[in-house]
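421 is the number of the first residue of the sequence shown in our numbering; add one for each residue after it.
The block underneath contains the structure these notes are about, expressed in structure tokens.
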Amino acid sequence: MIPLFKVFIAPEVDAPLLATLHSGYIGQGKRVEEFERALAPFVQNENVLTVNSGTAALNLALRLANVGPNSEVISSPMTCLASNMPILERGADIVWADINPSTGNIDPDDIKHLITSRTKAILCIHYGGYPCDLDEINEIGTEYGIPIIEDAAHAFCAVYKGGRIGSYSDFVCFSFQAIKHITSIDGGACVCRNKSNYERGKLLRWYGIDREEGGRVDYRCENDVAEWGHKYHLNDICATVGLANLKYTEKIMAAHRFNAYLYDSELSDMRGIHLPKYYQDRISSYWLYLLFVDNRSAFMEYMREAGIAVSRVHARNDKHSFARKYDIRPLPGVDEFFNKQVAIPVGQWLTRDDKEYIINKMREFDGAI
Numbered sequence: 421m422i423p424l425f426k427v428f429i430a431p432e433v434d435a436p437l438l439a440t441l442h443s444g445y446i447g448q449g450k451r452v453e454e455f456e457r458a459l460a461p462f463v464q465n466e467n468v469l470t471v472n473s474g475t476a477a478l479n480l481a482l483r484l485a486n487v488g489p490n491s492e493v494i495s496s497p498m499t500c501l502a503s504n505m506p507i508l509e510r511g512a513d514i515v516w517a518d519i520n521p522s523t524g525n526i527d528p529d530d531i532k533h534l535i536t537s538r539t540k541a542i543l544c545i546h547y548g549g550y551p552c553d554l555d556e557i558n559e560i561g562t563e564y565g566i567p568i569i570e571d572a573a574h575a576f577c578a579v580y581k582g583g584r585i586g587s588y589s590d591f592v593c594f595s596f597q598a599i600k601h602i603t604s605i606d607g608g609a610c611v612c613r614n615k616s617n618y619e620r621g622k623l624l625r626w627y628g629i630d631r632e633e634g635g636r637v638d639y640r641c642e643n644d645v646a647e648w649g650h651k652y653h654l655n656d657i658c659a660t661v662g663l664a665n666l667k668y669t670e671k672i673m674a675a676h677r678f679n680a681y682l683y684d685s686e687l688s689d690m691r692g693i694h695l696p697k698y699y700q701d702r703i704s705s706y707w708l709y710l711l712f713v714d715n716r717s718a719f720m721e722y723m724r725e726a727g728i729a730v731s732r733v734h735a736r737n738d739k740h741s742f743a744r745k746y747d748i749r750p751l752p753g754v755d756e757f758f759n760k761q762v763a764i765p766v767g768q769w770l771t772r773d774d775k776e777y778i779i780n781k782m783r784e785f786d787g788a789i
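The structure is reproduced here in structure tokens:
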């Protein structure tokens, strides 16, 4: 089976990992600091807070945005559950926005109609790695004084109007979970536009304790804690793996994009298979390569029988039982997108023969319609 996802681990990770394991210190230490410094150029932002998961990054961002009970957060239901569960964990309510059915990203025009006095944040998900309409979304945030949180779990190194994702909104959350472009085994990062949020987040990710020099009264005892916090910090083991893998970022991203552009050129003339409509002012990271297939169930079965892993990847969140308490409103963009979208393998693990095989099998399917 040609896999939809495959974990990349740098071949030279063994030596630094063993050195960290036997160093006598494996918590949040020097390797975490080194990883944060190494991440900064990739997100064009020095305010990088590494944490133990992308979900923790989102929860931290919501906390920094002062989302809590009696708050509302506008979000998309077309995403991983990990995007929206932190909203509920904060005791807030989700307000579902519609999406652009050509991309899977939240629709700024729909956001405008959903804002109330309870709206404390807008969460936008870069679906599959393709950047949302950040100018329009941030204009709304500025107009109403509402923080913008980007879920960039799919979008490491994606580009929006010449700038890397991580350099635009109030908070940008990344994931370094196992099957992302760059993995630290598990982990994530919350990137803050505002320095004061960064400093507050540094405290909140570890119980509210100031771990900087002078923040303790002795080796183990902390000074006064002004605000309670979480246990969200990354550790040196994960950071060591992340550092080794980060060196391959450009190679990995180039492979994903080359494969995507190859598909674009080879699959654009099919009848029952349609490609997303992407703008030229942004560059996807192509964590997913999406297709819209008229007869999706037949296509998925055909590809699986051919030994090619394909998937819808994410179910729409608003149809789960936990979401029944929220207002049901028409979401035609979500309906259209969810009913036809499917992802095919696009990653750096694909060989030339793999790609030719995938393209040929898709042509065979299209020709049989």
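Built from N, CA and C at the ideal position, the CB exists for glycine as well.
Alpha carbon to alpha carbon, what distance is there between residue j and residue i?
i: Ser704; j: Asn479; result: 25 Å
i: Tyr699; j: Cys552; result: 10 Å
i: Ile429; j: Leu438; result: 15 Å
i: Leu424; j: Ala788; result: 24 Å
i: Ala512; j: Leu663; result: 35 Å
i: Val468; j: Leu508; result: 25 Å
i: Glu686; j: Ser495; result: 34 Å
i: Ile672; j: Pro506; result: 29 Å
i: Val493; j: Phe758; result: 22 Å
i: Met690; j: Asn679; result: 18 Å
i: Ile803; j: Arg702; result: Since the first residue of the chain shown is 421 and the last is 789, residue 803 is not available in this structure.
i: Ser503; j: Ser688; result: 31 Å
i: Ser443; j: Val427; result: 26 Å
i: His676; j: Gly692; result: 24 Å
i: Ala735; j: His601; result: 21 Å
i: Pro431; j: Ile728; result: 26 Å
i: Asn665; j: Leu624; result: 27 Å
i: Lys450; j: Ile422; result: 38 Å
i: Gly524; j: Cys641; result: 48 Å
i: Arg620; j: Phe455; result: 20 Å
i: Arg631; j: Ala726; result: 54 Å
i: Leu554; j: Asn655; result: 32 Å
i: His546; j: Ser587; result: 14 Å
i: Asn614; j: Lys622; result: 13 Å
i: Ile566; j: Glu756; result: 29 Å
i: Met498; j: Arg457; result: 32 Å
i: Asp644; j: His650; result: 16 Å
i: Ile560; j: Thr669; result: 33 Å
i: Ile519; j: Gly628; result: 37 Å
i: Tyr618; j: Asp571; result: 17 Å
Under the three-state reduction of DSSP, which class applies to residue i: helix, strand or coil?
i: Ala609; result: strand
i: Asp773; result: helix
i: Arg702; result: strand
i: Ala763; result: strand
i: Lys745; result: helix
i: Leu695; result: coil
i: Gly753; result: helix
i: Thr539; result: strand
i: Gly583; result: strand
i: Val433; result: coil
i: Tyr722; result: helix
i: Phe678; result: helix
i: Glu559; result: helix
i: Ile657; result: helix
i: Ile519; result: strand
i: Tyr618; result: helix
i: Leu663; result: helix
i: Ser717; result: helix
i: Met782; result: helix
i: Lys671; result: helix
Pull up the DSSP beta-bridge partners for residue i, would you.
i: Ile513; result: Per the sequence presented here, residue 513 reads as Asp, with Ile not at that position. Asp513 pairs with Glu492.
i: Ile507; result: Looking at the DSSP assignment, Ile507 forms no beta bridge with any residue, so it has no partner.
i: Asp530; result: Answer is none; Asp530 lacks a bridge partner.
i: Thr470; result: Ala609
i: Cys544; result: Glu570
i: Cys593; result: Asp571 and Cys610
i: Met421; result: Per DSSP, none; premise fails for Met421.
i: Arg736; result: Met498
i: Ile728; result: Ile422
i: Asn712; result: Here residue 712 is Phe; the residue named in the question, Asn, does not match the sequence. For Phe712, which the question treats as bridged, DSSP gives the partners His694 and Gln761.
i: Trp648; result: Trp648 pairs with nothing; no bridge assigned.
Tell me, to the nearest whole angstrom, how far the beta carbon of residue i is from that of residue j; I am working on the premise that it is less than 8 Å.
i: Trp707; j: Gly549; result: 4 Å
i: Arg510; j: Leu482; result: 5 Å
i: Tyr709; j: Val766; result: 4 Å
i: Pro696; j: Ser537; result: Not quite, the Cβ-Cβ distance comes to about 36 Å (not below 8 Å), so this is no contact.
i: Ile585; j: Ile568; result: About 12 Å; that fails the 8 Å criterion.
i: Arg732; j: Gln761; result: 7 Å
i: Ile535; j: Ala517; result: Actually they do not touch by this definition, with Cβ atoms about 10 Å apart.
Would you say residue i faces chain C, with C-beta separation under 8 Å as the test?
i: Arg691; result: Looking at the structure shown, chain C is missing, and only one protein chain is on hand.
### Query
Does the pairing of the segment 571 to 583 with the segment 594 to 606 give three or more beta-carbon distances under 8 Å?
yes
### Task
Decide yes or no for the touch test of the segment 776 to 786 against the segment 540 to 556: beta carbon pairs closer than 8 Å, at least 3 of them.
no
### Cβ contact (3+ pairs, closer than 8 Å) linking the segment 718 to 728 and the segment 781 to 788
yes
### Query
Below 8 Å, can you find three or more Cβ-Cβ pairs linking the segment 460 to 468 to the segment 485 to 499?
no
### Three-pair Cβ contact test at 8 Å for the segment 655 to 666 versus the segment 745 to 754
no
### Message
Across the segment 471 to 478 and the segment 605 to 615, are there enough close Cβ pairs to call them in contact, namely three or more that are closer than 8 Å?
### Response
yes
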